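Heads up, the sequence shown is in my numbering, so the first residue is 26 and it goes up one at a time. Heads up, the beta-carbon is just placed ideally off N, CA and C, and yes, glycines get one too. Just so you know, these numbers come straight off a predicted model, no measurement behind them.
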Amino acid sequence: LAGIALLTRGTGNEPRNRGASVQASSGSGGNVTAPREAPVEADIDSKEILATFNAGVAAFRQQDYTTAIGLFQEVIQEIPDNPHAQQYLGLCHFHRQEFPAAMSAFAEARRHRPDSFEVLDNYVTAAKKAGDLEGASGALRDFIQRNPDQRGPRIELARIAREWGRPDEAVE
(Lines of atoms letter the chains of each structure in order from A and count residues from 1; the text may use other names and numbers.)
(Lines give C-alpha, C1' and ligand atoms only; values in the text may rest on other atoms or scores of the structure.)
Protein backbone atom coordinates (compact mmCIF):
# COMPACT_ATOMS: atom_id res chain seq x y z
CA LEU A 1 0.00 0.00 0.00
CA ALA A 2 1.35 3.40 -0.94
CA GLY A 3 1.75 6.10 1.65
CA ILE A 4 1.70 3.89 4.72
CA ALA A 5 2.77 5.43 8.02
CA LEU A 6 2.89 3.17 11.06
CA LEU A 7 1.60 4.43 14.37
CA THR A 8 3.57 1.80 16.26
CA ARG A 9 6.83 0.11 15.44
CA GLY A 10 8.32 -3.01 16.88
CA THR A 11 8.10 -6.72 16.23
CA GLY A 12 5.24 -6.48 13.76
CA ASN A 13 2.81 -8.03 16.23
CA GLU A 14 1.68 -4.73 17.71
CA PRO A 15 -1.70 -3.34 16.74
CA ARG A 16 -1.59 -0.60 14.16
CA ASN A 17 -3.91 2.33 13.71
CA ARG A 18 -5.71 3.44 10.57
CA GLY A 19 -7.31 6.50 12.08
CA ALA A 20 -8.14 9.67 10.22
CA SER A 21 -4.56 10.91 10.13
CA VAL A 22 -2.59 7.67 10.28
CA GLN A 23 -2.76 4.66 8.00
CA ALA A 24 -1.23 1.22 8.35
CA SER A 25 -1.30 -2.07 6.54
CA SER A 26 -3.74 -4.84 7.33
CA GLY A 27 -3.94 -8.57 6.73
CA SER A 28 -4.53 -10.67 9.88
CA GLY A 29 -0.80 -10.95 10.39
CA GLY A 30 -0.99 -9.92 14.03
CA ASN A 31 -2.13 -6.34 13.50
CA VAL A 32 -5.42 -4.67 14.24
CA THR A 33 -6.63 -1.40 12.75
CA ALA A 34 -8.76 1.51 13.86
CA PRO A 35 -11.87 2.45 11.89
CA ARG A 36 -11.15 4.31 8.69
CA GLU A 37 -14.03 3.77 6.27
CA ALA A 38 -16.53 6.55 7.05
CA PRO A 39 -16.25 9.75 9.02
CA VAL A 40 -17.39 9.07 12.57
CA GLU A 41 -19.19 12.43 12.66
CA ALA A 42 -21.73 10.99 10.19
CA ASP A 43 -22.67 8.31 12.74
CA ILE A 44 -22.89 10.51 15.85
CA ASP A 45 -25.38 13.36 15.84
CA SER A 46 -24.92 14.43 19.48
CA LYS A 47 -22.10 16.90 20.06
CA GLU A 48 -21.68 15.60 23.60
CA ILE A 49 -21.33 11.98 22.49
CA LEU A 50 -19.02 13.01 19.64
CA ALA A 51 -16.84 14.86 22.17
CA THR A 52 -16.76 11.71 24.32
CA PHE A 53 -15.82 9.61 21.28
CA ASN A 54 -13.06 12.05 20.30
CA ALA A 55 -11.75 12.05 23.89
CA GLY A 56 -11.65 8.24 23.67
CA VAL A 57 -9.67 8.40 20.44
CA ALA A 58 -7.25 10.88 22.04
CA ALA A 59 -6.81 8.60 25.07
CA PHE A 60 -6.29 5.63 22.72
CA ARG A 61 -3.61 7.50 20.77
CA GLN A 62 -1.89 8.38 24.05
CA GLN A 63 -2.01 4.68 24.94
CA ASP A 64 -4.24 5.39 27.95
CA TYR A 65 -6.38 2.36 27.24
CA THR A 66 -8.14 2.30 30.61
CA THR A 67 -9.49 5.82 30.09
CA ALA A 68 -10.30 5.08 26.45
CA ILE A 69 -12.26 1.95 27.40
CA GLY A 70 -14.44 3.95 29.80
CA LEU A 71 -15.07 6.65 27.20
CA PHE A 72 -15.93 4.20 24.42
CA GLN A 73 -18.25 2.33 26.79
CA GLU A 74 -20.06 5.64 27.43
CA VAL A 75 -20.49 6.12 23.68
CA ILE A 76 -21.73 2.55 23.26
CA GLN A 77 -24.21 3.00 26.11
CA GLU A 78 -25.71 5.97 24.25
CA ILE A 79 -25.31 4.60 20.71
CA PRO A 80 -25.11 0.79 20.98
CA ASP A 81 -24.97 0.24 17.23
CA ASN A 82 -21.91 2.45 16.62
CA PRO A 83 -19.33 0.14 15.02
CA HIS A 84 -16.50 2.67 15.33
CA ALA A 85 -16.80 2.84 19.12
CA GLN A 86 -16.99 -0.98 19.24
CA GLN A 87 -13.90 -1.28 17.09
CA TYR A 88 -11.91 1.18 19.20
CA LEU A 89 -13.08 -0.63 22.33
CA GLY A 90 -11.73 -3.84 20.82
CA LEU A 91 -8.44 -2.13 20.00
CA CYS A 92 -8.06 -0.98 23.59
CA HIS A 93 -8.66 -4.49 24.90
CA PHE A 94 -6.27 -5.88 22.28
CA HIS A 95 -3.50 -3.51 23.40
CA ARG A 96 -4.11 -4.62 26.97
CA GLN A 97 -3.82 -8.24 25.78
CA GLU A 98 -7.42 -8.89 26.81
CA PHE A 99 -8.08 -10.92 23.70
CA PRO A 100 -11.50 -12.44 24.58
CA ALA A 101 -12.80 -8.93 25.42
CA ALA A 102 -11.30 -7.64 22.17
CA MET A 103 -13.01 -10.44 20.26
CA SER A 104 -16.34 -9.57 21.87
CA ALA A 105 -16.07 -5.90 20.88
CA PHE A 106 -14.92 -6.75 17.36
CA ALA A 107 -17.77 -9.28 17.03
CA GLU A 108 -20.24 -6.52 17.91
CA ALA A 109 -18.62 -4.22 15.32
CA ARG A 110 -18.89 -7.07 12.78
CA ARG A 111 -22.59 -7.39 13.57
CA HIS A 112 -23.06 -3.79 12.45
CA ARG A 113 -20.58 -3.97 9.54
CA PRO A 114 -20.66 -7.61 8.41
CA ASP A 115 -19.02 -6.92 5.05
CA SER A 116 -16.10 -4.89 6.39
CA PHE A 117 -12.84 -6.73 5.84
CA GLU A 118 -11.17 -4.29 8.24
CA VAL A 119 -13.42 -5.33 11.14
CA LEU A 120 -13.13 -9.01 10.19
CA ASP A 121 -9.36 -8.68 10.12
CA ASN A 122 -9.34 -7.26 13.65
CA TYR A 123 -11.63 -10.03 14.92
CA VAL A 124 -9.50 -12.76 13.32
CA THR A 125 -6.29 -11.27 14.72
CA ALA A 126 -7.74 -11.14 18.25
CA ALA A 127 -9.14 -14.68 17.91
CA LYS A 128 -5.76 -16.00 16.85
CA LYS A 129 -4.07 -14.24 19.79
CA ALA A 130 -6.70 -15.81 22.07
CA GLY A 131 -5.89 -19.22 20.59
CA ASP A 132 -9.36 -19.50 19.05
CA LEU A 133 -8.50 -20.71 15.56
CA GLU A 134 -11.96 -22.24 15.24
CA GLY A 135 -13.57 -18.85 15.86
CA ALA A 136 -11.18 -17.16 13.46
CA SER A 137 -11.79 -19.68 10.68
CA GLY A 138 -15.57 -19.60 11.25
CA ALA A 139 -15.63 -15.82 10.90
CA LEU A 140 -13.53 -16.05 7.74
CA ARG A 141 -15.78 -18.70 6.21
CA ASP A 142 -18.87 -16.62 6.98
CA PHE A 143 -17.28 -13.57 5.37
CA ILE A 144 -16.12 -15.53 2.32
CA GLN A 145 -19.62 -16.91 1.82
CA ARG A 146 -21.02 -13.35 1.63
CA ASN A 147 -18.01 -11.89 -0.24
CA PRO A 148 -16.69 -14.69 -2.49
CA ASP A 149 -14.52 -12.41 -4.63
CA GLN A 150 -12.34 -11.07 -1.82
CA ARG A 151 -8.96 -12.77 -1.83
CA GLY A 152 -7.57 -11.64 1.56
CA PRO A 153 -9.94 -13.71 3.71
CA ARG A 154 -9.27 -16.82 1.59
CA ILE A 155 -5.53 -16.43 2.06
CA GLU A 156 -5.93 -16.03 5.83
CA LEU A 157 -8.23 -19.06 6.02
CA ALA A 158 -5.56 -21.06 4.18
CA ARG A 159 -2.94 -19.91 6.72
CA ILE A 160 -5.12 -21.06 9.60
CA ALA A 161 -5.78 -24.42 7.93
CA ARG A 162 -2.03 -24.93 7.56
CA GLU A 163 -1.49 -23.91 11.23
CA TRP A 164 -3.97 -26.61 12.20
CA GLY A 165 -2.11 -29.10 10.05
CA ARG A 166 -5.06 -29.38 7.65
CA PRO A 167 -3.66 -28.19 4.33
CA ASP A 168 -6.48 -29.94 2.47
CA GLU A 169 -8.91 -27.39 4.00
CA ALA A 170 -6.89 -24.44 2.68
CA VAL A 171 -9.11 -22.55 0.24
CA GLU A 172 -6.88 -20.10 -1.63
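Counting along the chain, R176 sits inside the alpha helix (DSSP H) bounded by residues 176-188. Of the other Cβ atoms in all chains shown, fewer than 16 fall within 10 Å of the Cβ of D174; this residue is therefore exposed. Closest in alpha carbon position to F131, among A164, L75, A80, F78, is A164. Bounds of the alpha helix (DSSP H) holding R135 are 124-137. In the displayed model, R121 falls within coil according to three-state DSSP, outside both helix and strand.
Bounds of the alpha helix (DSSP H) holding D167 are 158-171. Between H137 and D106, the gap from beta carbon to beta carbon is short of 9 Å.
Closest by C-alpha distance to A76, out of R135, Y148, F97, is F97. Rounded to whole angstroms, the Cβ separation of S162 and L145 is 12 Å, and the two are not in contact under 8 Å. Residue range 142-154 is occupied by the alpha helix (DSSP H) that includes A152.
CA-to-CA, the gap between I104 and G190 works out to about 42 Å.
With 16 or more neighbouring CB atoms inside 10 Å of its own CB, K153 falls in the buried class.
Cβ-Cβ distances below 8 Å link I169 to Q175, P178, R179, L182, V196 in the same chain, with the five nearest sequence neighbours on each side left out; the list follows chain order. The DSSP-derived three-state label of N107 is coil. With fewer than 16 other CB atoms across the displayed protein chains lying within 10 angstroms of its CB, Q88 is exposed. In the DSSP annotation of this structure, the continuous segment of the alpha helix (DSSP H) that includes R86 starts and ends at 72-86. Per DSSP, reduced to three states, the secondary structure at I69 is coil, with no helix or strand assignment. Around the CB of R135, 16 or more other CB atoms lie within 10 Å, so the residue is classed as buried.
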